[in-house]
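Reading through the structure tokens given below for one structure.
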Amino acid sequence: MEDEILQLSDVTVHFPVKMSLAQRLFSQKSVVHAVDRVSFSLRSGEIMGLVGESGCGKTTVGKTSVRLIEPTSGRIFFAGHDITHTRGEQLRRLRKKMQIVFQDPHASLNPAMTIGEAILHPLSIHRLELGSLELGRDTFEQWAVKKVLSTMTEVGLTPAKHLYYKYPGDLSGGQKQRAVIARAIITEPKLLVVDEGVSMLDMSVRAKILQLMLDLKRRHGLTYLFITHDLATAKFICDRIAIMYLGRIVEIGLARKIYADPKHPYTKALLQAIPIPDPDKRHNKVLPRGEVPDAVHPPAGCRFHPRCPAVLATCGWEGRDFVDFLDEHLSDPNRAGDDESILGPIEGWRADGLVATLKANPVNVEKVVERVKAVLAEAPIAMTQAIESVSGRNRTVTVRFRSPDQLLQTNVQDRLVECLLYQ
Ligand SMILES: Nc1ncnc2c1ncn2[C@@H]1O[C@H](COP(=O)(O)OP(=O)(O)O)[C@@H](O)[C@H]1O
Ligand code: SF4
Ligand SMILES: [Mg+2]
19 MEDEILQLSD
29 VTVHFPVKMS
39 LAQRLFSQKS
49 VVHAVDRVSF
59 SLRSGEIMGL
69 VGESGCGKTT
79 VGKTSVRLIE
89 PTSGRIFFAG
99 HDITHTRGEQ
109 LRRLRKKMQI
119 VFQDPHASLN
129 PAMTIGEAIL
139 HPLSIHRLEL
149 GSLELGRDTF
159 EQWAVKKVLS
169 TMTEVGLTPA
179 KHLYYKYPGD
189 LSGGQKQRAV
199 IARAIITEPK
209 LLVVDEGVSM
219 LDMSVRAKIL
229 QLMLDLKRRH
239 GLTYLFITHD
249 LATAKFICDR
259 IAIMYLGRIV
269 EIGLARKIYA
279 DPKHPYTKAL
289 LQAIPIPDPD
299 KRHNKVLPRG
309 EVPDAVHPPA
319 GCRFHPRCPA
329 VLATCGWEGR
339 DFVDFLDEHL
349 SDPNRAGDDE
359 SILGPIEGWR
369 ADGLVATLKA
379 NPVNVEKVVE
389 RVKAVLAEAP
399 IAMTQAIESV
409 SGRNRTVTVR
419 FRSPDQLLQT
429 NVQDRLVECL
439 LYQ
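Here this note's numbering is used: the first residue of the sequence shown is 19, the next is one more, and so on.
Structure, rendered in structure tokens:
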């Protein structure tokens, strides 16, 4: 589309897992599945939020969008041009048009550079493209300093002439973030990726910086990819939001529609977990049970299935879900009875893809099979429905799950949702 400024198409980013030499020799090569087949586009002038818990891949999407990271696969388009593999001089030129602002303004500013020098720096780097080549060195300096001062005033760093000569250490957190924003917009970019740009600021400062971003967007026709783990901030500023979970976008659409009526079970859980400001009504809503699984071994099928309150039999149950369930069961003295003497210890169980296995004494195999079936009577119904068989052969007891259904993005009331409930 013509007014699309940024488009990600099936973008995947895998990172190598840092391993010692011994680990590299003896274990399989593994990767962090930071981002998996993510697609979305940003229309010129909109603010799109990328929201999700820590570690779900937001920063990786942000950095990949501005090509600080080259994707493992997939394509990235900026203003209609394929920039997936752009490098060198061309990439440097691209940087003028797409900028990124990070969470910690202090870490983003060189402590040895004055605020004015820091904001001026990109003008020196992009001098050629700024059409100021014909200016002599002195005239360029004058032009650049004037531009820095007016940009500082625009972002509220006043009196600009005074603050120009200050160092980052002399400024408050809010002022430093204003300086970082000034540095980001001074080359007049089209796209600004803001990665947790207000997360470290106090509430009162946060509101002012968000308002500044809205003003700048209006005045300069900016487009934002606004990354945050904070749904309240995203609600305030975003036109559309994309909800991420473990490297996938699970729901994407107009912010007001998603906030009013979330469809994906993960979005519902996230929205319920927003703290309620009224102390009388405060209750500690928590996200569904369980930790966020690690991105080196993401769950099969729907990645949210181990925590999903609405999980179906076809959502991706696999061997390790059984081992986790059994572990929980055996750790509960009220439920376990003498189960551990027959099924334990839990370390004896191996999970591999769709199956979980236990090496048992041959005389006990049938007994173990029967006990597994008895314990499964207490398992979530979706898990029991997902089991294809529990069998014992030779010395091995095997619990086998059916293959999950394929997940597709479905259009549900003006948004895309990736959940089998809607397929
Ligand atoms: N350079 C890297 N090398 C290895 N793993 C990484 C690297 N950067 C991020 N990761 C991993 O990728 C996943 C996504 O990280 P990130 O994009 O920073 O998430 P978020 O910004 O949502 O917190 C995490 O599991 C993180 O540990
Ligand atoms: S596909 Fe939907 S119902 Fe199934 S686990 Fe995922 S979010 Fe839950
Ligand atoms: Mg991050």
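Where a beta carbon is used, it is the ideal one built from N, C-alpha and C, also for glycine.
| Query | Result |
| --- | --- |
| Inter-stretch contact (C-beta, 8 Å, three-pair minimum) for the stretch 324-339 and the stretch 390-405 | yes |
| Any non-hydrogen atom of ligand 2 within 7 Å of Pro34 CB | no |
| Burial state of Asp432 (16 or more Cβ within 10 Å) | exposed |
| Cβ-Cβ separation, Thr102 to Arg93 (assumed contact under 8 Å), whole Å | 5 Å |
| Between the CA atoms of Val163 and Asp156 - distance to the nearest angstrom | 11 Å |
| Enclosing beta strand (DSSP E) for Asn429 [first to last residue] | 427-430 |
| For Pro34: DSSP bridge partner residues | Val49 |
| Cβ neighbour criterion (16 or more within 10 Å) applied to Lys281 | buried |
| Option nearest Gly106 by Cα separation, candidates Leu249, Leu86, Ala369 | Leu86 |
| 7 Å Cβ shell around Thr132 - same chain, five flanking residues per side excluded | Tyr182, Tyr183, Lys184, Tyr185 |
| Whole-angstrom C-beta distance between Asp423 and Leu438, which should lie under 8 Å | 6 Å |
| Span of the alpha helix (DSSP H), counted from its first residue to its last, around Arg155 | 155-172 |
| CB contact flag (Asp213, Val119, <8 Å) | yes |
| Which listed residue (Met37, Leu39, Thr90) has its alpha carbon closest to that of Asp28 | Thr90 |
| Simplified DSSP assignment, three categories, for Met13 | With the chain covering 19 to 441 only, the question about residue 13 has no answer from this structure. |
| Residue range of the unbroken beta strand (DSSP E) whose run includes Phe120 | Neither: Phe120 is in no beta strand (DSSP E) and is coded neither H nor E. |
| Per DSSP, cross-strand counterpart(s) of Ala354 | Bridge partners of Ala354: none, in fact. |
| Ile65 and Tyr242 closer than 8 Å at C-beta | yes |
| For Lys14, the three-state DSSP class (helix, strand or coil) | Past the edges of the chain, shown from 19 to 441, lies residue 14, and the structure says nothing about it. |
| Simplified DSSP assignment, three categories, for Ile204 | coil |
| Whole alpha helix (DSSP H) elements within the stretch 65-113, 4-residue minimum | 76-83, 106-113 |
| Reduced DSSP category for Ala328 - H, G, I as helix; E, B as strand; rest coil | coil |
| Neighbourhood of ligand 1 [Cβ distance below 5 Å to any heavy atom], ordered by chain position | Phe33, Val50, Ala52, Ser72, Gly73, Cys74, Gly75, Lys76, Thr77, Thr78, Ala313 |
| Ligand 3 heavy atom lying under 7 Å from the CB of Glu172 | no |
| Three-state secondary structure (DSSP) of Gln25 | strand |
| Ligand 3 heavy atom lying under 7 Å from the CB of Asp213 | yes |
| Span separating the alpha-carbon of Ala354 from that of Met218 | 46 Å |
| Gln427 versus Gly271 - alpha carbon distance | 12 Å |
| Residues of its chain near Asp339, where Cβ-Cβ distance is below 7 Å and the 5 sequence neighbours each way are ignored | Pro324, Met401 |
| Residue burial classification, Gly319 (beta-carbon count within 10 angstroms, cutoff 16) | buried |
| Through-space distance from Gln290 to His301, alpha-carbon basis | Note that His301 scores 44 on pLDDT, short of 50, meaning its location in the model is unreliable; the coordinates nonetheless yield the value given after this. Spanning the two alpha carbons is a distance of roughly 10 Å. |
| With 16 other Cβ atoms within 10 Å as the buried cut-off, status of Lys391 | exposed |
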